[in-house]
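Visitor: My questions all concern the structure below.
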Amino acid sequence: MILQTTYDKSEMDTRIVHIGFGAFHRGHQAVYNDLMNEKLAQDGKATWGIGEINLFGDSTITDYMIDYSNNFTVVETSAEQTTSRLVRTITEAVHAPKEGIQPAIDMLCQSSVNVVTLTITEKGYCANMQTRKLDMQNELIQYDLNSIDTPKSAIGLLTLAIKRRRELGLKPFTILSCDNISENGVLLADAIMDFSTELDPELAKFIRDEVKFPSSMVDRIVPAITEESLDLIESETGRRDLTGIVCEEFRQWVIEDQFVGEKPDWHLAGATFTNDVAIYEEMKLRMLNGSHTFLSCMSQLMGITYIFETMQHSKLRAVVRKMMIEDQAASLSPKLNENLEKYADLLLHRFSNENVRHMTAQIIQDSSQKIVQRGIEPILELFNRGKIAKYTPAMIAAWMQYVSQNEKFIDPLQEKIKLTLNDAQSAEEKFNKLINLEDIFPKSLIENNELLEVIRNMFMTIEESGAEGLLNTLLETK
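With full-length UniProt numbering as the guide, the letters of the sequence shown map in order to residues 1 to 478.
Have a look at this one:
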C-alpha cells in the first residue's frame with residue numbers, strides 16, 4: 001500500500017523555493033510540506049507548493065520527476081515495518097546547468113514566493129567553516145561578484161534574487177537553511193551580507209533590515225540512493241522511481257520562529273517552532289552527526305561499509321556511546337532540558353536499523369568542513385570547563401589517519417591536504433603537518449599543547465596498533 005495525500009495540486013502555487021534538490025530534502029522537508037498541505041486543504045486553506053532548483057550535478061532527478069508529474073516516492077523503514085508514500089508537494093523544478101540560471105532567477109522572483117529553503121551542504125556556503133566568514137577567494141564567489149546577472153553559487157543567486165525582487169517592488173522573503181551546520185541561519189546571513197556588501201553596500205543595508213534568516217535543526221537519516229534502494233522502492237511500489245529515496249522512520253525539525261510575513265504551518269506535520277533553536281542544533285550536531293563522523297572515520301580504517309554494521313561491533317558501539325555521554329553531552333548548554341542518556345540510546349537504536357543502509361564512505365565525505373563543529377568545538381568547550389575530552393579526540397585522530405592513508409578521498413580541501421602531506425615521511429611528520437592546517441584547525445587548538453598531545457597519542461596508537469588498538473585503549477580509559 002502506498003500512502004498518498006489527496007489535496008488538489010492544480011490549485012497549488014509555488015510559495016516556497018528550495019535550492020539543493022537532493023535526497024535529504026526529498027526525505028525531510030518535502031515530506032513535512034506534503035503532510036502539512038493535506039491538513040491545510042482539509043481546513044479549506046491555501047497549500048504551499050515547492051519549486052526546486054539544482055545548481056550542480058546532472059539533471060537525472062529533475063528530468064525524471066517532471067515526467068512523473070513532479071511526484072516521487074519516499075520509503076520509510078524501521079526495524080519493525082516499512083511504509084511507502086507518494087510525495088506530491090513539488091510544483092516545478094529547474095536544473096541550472098542544463099537550462100541556464102535565468103529560469104531559477106525567474107522562479108525566485110515570483111510574487112507568490114514567501115520562503116526560500118536550502119540544503120547545499122557546508123561547501124555550498126562558500127565560507128571558511130572555522131572563521132564562518134565568506135571566502136572571497138572562492139572561485140564561485142569571484143565569478144559571481146564579476147558576473148552577478150549569471151550567478152553560479154547559491155550565495156550569488158540569492159543576493160541577485162533579493163535585488164531583483166526589490167527592483168520589481170516585491171516583498172522580501174525568508175531564507176531558511178536546513179543544513180547540518182550550527183547556527184546555520186547566522187552563517188547564511190553573514191555570507192550574504194559579506195557578498196552583498198562587496199557588491200552593493202546599499203543592497204546590503206536593505207538585506208540587513210528587511211530579510212530574515214532563521215536557523216533550523218533537521219534530523220532524519222537519509223542515505224544516498226543505491227541500486228539496492230531502487231530495488232526496495234520497486235518491490236514496494238511496482239515502479240523503479242529514480243527520484244525516490246529510502247530513509248528511516250524517525251524525523252525531526254526544529255525551526256527558529258523568525259519569518260518575514262507568512263510562514264508555512266509545518267507544525268501541522270510535527271515540526272517545532274521555537275525562539276532558541278541553537279541548543280537543539282548543538283545537541284544534534286555533536287551527539288548524532290559527531291558520532292556519525294567518528295564511526296565513519298573508524299569504519300574506513302577498519303573496512304566497515306554501513307553504519308548499522310558499526311553497531312554490531314561491540315567495541316565501536318561501546319566507545320561511541322561513551323563519547324556521546326561523557327564528552328559530547330557534557331559539552332552542551334546547561335539550558336538544554338533533555339535526558340541525554342536516553343537521547344544517546346535512541347541514536348544507537350536508530351544507527352542499528354539494518355533497513356537504512358547508510359554508507360560510511362558517504363558520511364566521511366567533506367569531513368574537513370565538519371570536524372570543527374562536530375569534534376573540535378566540543379573538545380575546546382570541555383577544556384574551557386576544566387575537562388579533557390576522553391573520546392572525541394579519536395574522531396580527529398582517525399580522520400587524520402584516513403586522509404594520510406588514502407590517495408582518493410572526497411573533500412573540498414583534498415588538494416591542499418595532499419600537498420601538505422606530499423613530503424611527509426614519518427607518522428610524526430604527517431601529524432605535525434596536518435594539525436597545522438589553519439583552514440581546519442583553529443589556533444586555540446594548535447597552541448594547546450595538552451590537547452594536541454591527546455590527539456597525537458591517539459593518532460600514533462592507530463599508526464602502531466590500528467583502529468582496533470585505539471578502541472582497546474579507549475575502553476581502558478577511566
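The beta-carbon is built from N, C-alpha and C at its ideal position, and this holds for glycine as well.
State the DSSP-derived secondary structure class of H358, mapped to helix, strand or coil.
Guide: The answer is coil: DSSP assigns H358 none of H, G, I, E or B.
Visitor: What is the rounded straight-line gap between the Cα of L380 and the Cα of G27?
Guide: For L380 and G27, the distance between alpha carbons rounds to 34 Å.
Visitor: How about W266 and I279: are their beta carbons less than 8 Å apart?
Guide: Against a cut-off of 8 Å, the Cβ pair of I279 and W266 comes out as no contact.
Visitor: Does DSSP put residue 479 in a helix, a strand or coil?
Guide: Because the chain spans 1 through 478 in this model, residue 479 falls outside it and cannot be assessed.
Visitor: Just to confirm, is the Cβ distance from T174 to K263 under 8 Å?
Guide: Cβ atoms of T174 and K263: closer than 8 Å.
Visitor: What's the gap between the Cα of L86 and the Cα of M460?
Guide: Going by the C-alpha atoms only, they are around 50 Å apart.
Visitor: What is the rounded straight-line gap between the Cα of F206 and the Cα of H349?
Guide: Each residue's Cα considered, the two are about 47 Å apart.
Visitor: Hey, T77 and E281: beta-carbon distance below 8 Å or not?
Guide: Against a cut-off of 8 Å, the Cβ pair of E281 and T77 comes out as no contact.
Visitor: On the premise that I192 lies in contact with V222, defined as a C-beta separation below 8 Å, what is that separation, rounded to the nearest angstrom?
Guide: Between I192 and V222 the Cβ distance is about 27 Å, and since that is not below 8 Å, they are no contact.
Visitor: Does DSSP put V206 in a helix, in a strand, or in coil?
Guide: Checking the sequence, you will find Phe at residue 206 rather than Val. Three-state DSSP puts F206 in a helix.
Visitor: Ignoring anything shorter than 3 residues, give me the beta strand (DSSP E) runs that lie fully in the stretch 189-233, in order along the chain.
Guide: Whole beta strand (DSSP E) segments, 3+ residues: 216-219.
Visitor: By DSSP's criteria, R15 is part of a beta bridge. Which residues make up the other side?
Guide: R15 pairs with nothing; no bridge assigned.
Visitor: Classify T60: buried if its beta carbon has 16 or more other beta carbons within 10 angstroms, exposed otherwise.
Guide: T60 is exposed by the Cβ-count criterion.
Visitor: Can you name the start and end residues of the beta strand (DSSP E) that I417 belongs to?
Guide: No beta strand (DSSP E) contains I417, which is instead part of the alpha helix (DSSP H) from Q414 to L421.
Visitor: Looking at the strands, I want to know which residues DSSP matches up with L118.
Guide: Looking at the DSSP assignment, L118 forms a beta bridge with I19 and S177.
Visitor: If we ignore side chains and look at the alpha-carbon of each, how far apart do R239 and L413 end up?
Guide: Taking the straight line from one Cα to the other gives about 39 Å.
Visitor: Can you tell me the Cβ-Cβ gap for F351 and M323, rounded? I've got them flagged as a contact below 8 Å.
Guide: Going by Cβ atoms, the distance from F351 to M323 rounds to 13 Å, so no, they are not a contact pair.
Visitor: Could you give the distance in angstroms between the alpha-carbon of L389 and the alpha-carbon of V218?
Guide: Note on identity: in this sequence residue 389 is Ala, with Leu being the wrong assignment. C-alpha separation (whole angstroms): 26 Å.
Visitor: Whole angstroms are fine: how far does the CA of M107 sit from the CA of P172?
Guide: Their backbone Cα atoms lie some 14 Å apart in a straight line.
Visitor: Could you say which of E377, N436, D423 and N138 lies nearest to D327 if we only look at CA atoms?
Guide: When each option's Cα is compared against that of D327, the closest is E377.
Visitor: Taking only runs that begin and end inside the stretch 97-163, name each unbroken beta strand (DSSP E) of 3 or more residues, in chain order.
Guide: Here the runs fully enclosed are 115-118.
Visitor: Label K342 either buried or exposed according to how many other C-beta atoms from any shown protein chain fall within 10 Å of its C-beta, with 16 as the threshold for buried.
Guide: When all chains shown are included, K342 counts as exposed.
Visitor: Would you give the residue range spanned by the alpha helix (DSSP H) that E248 belongs to?
Guide: Here E248 belongs to no alpha helix (DSSP H); instead the beta strand (DSSP E) covers I245 to E248.
Visitor: Evaluate the contact criterion for the stretch 94-114 versus the stretch 333-347: three or more CB pairs, one atom per stretch, below 8 Å.
Guide: Segments in contact, no.
Visitor: Cβ atoms of M287 and A330: under 8 Å apart, would you say?
Guide: The answer is no: Cβ separation not under 8 Å.
Visitor: Can you name the residues that DSSP bridges to residue 544?
Guide: Here the chain comprises residues numbered 1 to 478, so residue 544 is not present and cannot be evaluated.
Visitor: Would you call the stretch 39-52 and the stretch 137-154 touching, i.e. three or more CB-CB distances under 8 Å?
Guide: Judged by Cβ distances under 8 Å, the stretch 39-52 makes no contact with the stretch 137-154, as fewer than three pairs qualify.
Visitor: Could you check what DSSP says for Y7 in three-state terms: helix, strand or coil?
Guide: Note: Y7 maps to coil in three-state DSSP.
Visitor: Alpha carbon to alpha carbon, how far is M395 from Q252? Give it in angstroms, no decimals.
Guide: Taking the straight line joining both Cα atoms gives about 25 Å.
Visitor: Does the Cβ of D257 have 16 or more other Cβ atoms within 10 Å, making it buried, or fewer, making it exposed?
Guide: Exposed is the call here.
Visitor: Which residues does DSSP pair with H95 in a beta bridge?
Guide: The partner list for H95 (beta bridge, DSSP) reads N54.
Visitor: Taking L285 and S182 to be in contact with their CB atoms under 8 Å, please state how far apart those CB atoms are, rounded to whole angstroms.
Guide: Right, the Cβ-Cβ distance comes to about 6 Å (below 8 Å), so this counts as a contact.
Visitor: Measure the CB-CB distance between K408 and L421 and report whether it falls below 8 Å.
Guide: No, Cβ-Cβ distance for K408 and L421 is not below 8 Å.
Visitor: Considering only the beta carbon of each residue, do A467 and M298 sit closer than 8 Å?
Guide: In contact: A467 and M298 (Cβ atoms closer than 8 Å).
Visitor: Can you find the residues in the same chain that come closer than 6 Å, C-beta to C-beta, to S229, ignoring five residues on each side of it along the sequence?
Guide: The answer, listed in chain order, is V246.
Visitor: Look at the Cβ atom of I440, then the Cβ atom of Q130, and state whether they are nearer than 8 Å.
Guide: Contact: yes.
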